[in-house]
Amino acid sequence: PSVLVLNGPNLNLLGTREPHIYGSETLDDIEVSCQETAARLGLDIDFRQSNHEGELVTWIQEARGEHDAILINAGAYSHTSIAILDALQAVDLPVVEVHLSNIFRREPFRHHSHVSTVARGVICGFGSHGYILALEAVARLIDAPGA
Ligand code: DQA
């Protein structure tokens with residue numbers, strides 16, 4: 108089974124971006140630990156990042172037939188993007204949402220996520236470890252061999 112792991116805007120800055128909130132690991136570090144976890148779970152992952160809403164929409168559209176699930180940290184687009192929500196609804200694959208920070212402990216404008224309205228589940232507040240937890244959840248949802 109194959110999982111599309113999507114990262115939205117500003118996540119390319121991880122490591123230097125507000126490390127007290129997002130941790131000191133870079134997105135490359137997170138990709139490495141996701142690849143290790145995926146191997147253990149018997150999953151293939153396609154790990155991507157974009158700062159562009161439309162590019163994320165296109166990648167979600169293209170996931171149909173290519174991937175079995177989507178793991179997404181849409182960054183700030185989680186709170187604003189109906190286009191990403193529509194694409195996730197259209198593609199009809201299981202979606203798991205992840206956030207590094209606990210969005211409910213933060214500013215009120217981060218408390219609502221459009222992605223959550225279509226996600227099978229949400230993991231937030233555990234930093235980069237959330238990606239591992241989310242991959243384990245995805246593996247169960249799609250019955251991966253190592254789940
Ligand atoms: C984030 C939380 C969002 O509110 C923020 O805009 C981000 C990162 C997180 O992973 O904690 O860019 O998605």
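Position one of the sequence shown corresponds to residue 108 (our numbering), numbered consecutively onward. By construction, the Cβ of each residue, glycine as well, lies at the ideal position given by its N, Cα and C atoms. Just so it is clear, the structure is predicted and the values come from calculations on it, not from any experiment.
Is I179 near ligand 1 - that is, is its Cβ less than 7 Å away from at least one heavy atom of it? Incorrect: I179 has no Cβ contact closer than 7 Å to ligand 1.
How long is the line joining the alpha carbons of R124 and I210, rounded to whole angstroms? Put simply, the backbone Cα of R124 is about 16 Å away from that of I210.
Assuming the contact rule is C-beta atoms closer than 8 Å, D151 and S109 should be a hit. Round their C-beta distance to whole Å, please. Yes, they are in contact, since the Cβ atoms of D151 and S109 sit about 4 Å apart, within 8 Å.
Ignore the nearest five residues each way along the sequence and tell me which others in T264's own chain have a CB closer than 8 Å to its CB. In the structure displayed, the chain extends from 108 to 254; residue 264 sits before or after that span and is not available.
Looking only at DSSP bridge pairs, what is H206 linked to? Answer is C231.
Three CB pairs or more closer than 8 Å across the segment 140 to 149 and the segment 198 to 218: Touching, no.
Among the candidates D193, G228, R147, whose CA atom is the shortest distance from the CA of V202? When C-alpha distances from V202 are compared across D193, G228, R147, the shortest belongs to G228.
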